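A.B. asks: Here the working numbering runs 128 ahead of the position in the sequence shown, where the first position is 1. This is the structure I have questions about; it appears just below.
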Amino acid sequence: MSLFRDDLIQEFNEYKEANLNDFSWWNYVNLKSDLQTALAFAKFFYPEVIQLDGYFLLKDKFNEQLFINWKESCYGDKICVEKMMNLYELKDFFHININNEETEQEQLIELGNVLKLFWSMSFKERFPQKNIVISVYEEFDSLFITVYEKIK
């Protein structure tokens with residue numbers, strides 16, 4: 129199984145061709161990132177969770193005032209509150225560092241699929257008793273990810 133096609137990232141393929149195919153994703157990471165970025169990505173793919181008042185919330189997305197507002201707007205509906213509190217537009221994760229490649233939309237779709245896979249595994253490992261749902265969907269020409277707990 130492969131997470132995505134190698135040719136999805138043009139720069140990787142250019143390096144691979146320039147190095148007589150003796151170039152791997154590990155080499156690419158070594159060229160593009162540093163130790164601190166790698167550790168930050170560990171938190172990105174294995175996000176911390178806050179469990180507050182029975183709600184399942186992503187720590188890095190949490191805002192107390194928004195939480196109060198969404199509880200009111202959703203009339204306390206747990207799924208509604210969690211979906212909205214944990215909602216994130218995928219392109220906003222990297223809006224500062226955009227390459228504007230032809231495959232950007234396809235890359236966003238693959239990022240959504242990869243995040244869904246890793247978040248699913250991480251939440252299942254940490255919260256085996258909970259039915260955690262990770263949803264990636266398109267709306268208004270944008271791709272979103274959210275997570276919520278579905279009561280069994």
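Built from N, CA and C at the ideal position, the CB exists for glycine as well. Please read all numbers here as calculations on a predicted model, not as lab measurements.
(1) Can at least three beta-carbon pairs, one atom from the region 160-169 and one from the region 232-247, be found at a separation below 8 Å?
(2) How would you write the range of the alpha helix (DSSP H) that E192 sits in, first residue to last?
(3) Say whether the region 198-211 touches the region 131-140, bearing in mind that this needs 3 or more beta-carbon pairs closer than 8 Å, one atom from each stretch.
(4) Under 8 Å by Cβ, that's how I've got I279 and F184 pegged, so tell me the actual separation to the nearest angstrom.
(5) Return the chain-ordered list of same chain residues with a C-beta closer than 6 Å to the C-beta of S263, the five sequence neighbours on each side being excluded.
(6) Between A170 and D269, what straight-line distance do the alpha-carbon atoms span, to the nearest angstrom?
(7) Can the beta-carbon of K160 be found closer than 8 Å to that of F151?
(8) Decide if E266 is buried, meaning its Cβ has at least 16 other Cβ atoms within 10 Å, or exposed.
(9) Between which residues of its own chain and Y156 is the CB-CB distance below 6 Å, once the five residues before and five after are set aside?
(10) Can Y174 and S250 be called in contact, C-beta distance under 8 Å?
(11) Once the 5 residues before and after I207 are set aside, which same chain residues still bring their CB inside 6 Å of it?
C.D. replies: Looking at the atomic coordinates:
(1) no
(2) 192-201
(3) no
(4) I279 to F184, Cβ: 11 Å. No contact.
(5) Same-chain partners within the cutoff: T274.
(6) 29 Å
(7) no
(8) Label assigned to E266: exposed.
(9) F140
(10) Between Y174 and S250, the C-beta gap is smaller than 8 Å, which places the two residues in contact.
(11) Non-local C-beta neighbours of I207 in its own chain, meaning closer than 6 Å and more than five positions away in sequence, comprise Y276, ordered along the chain.
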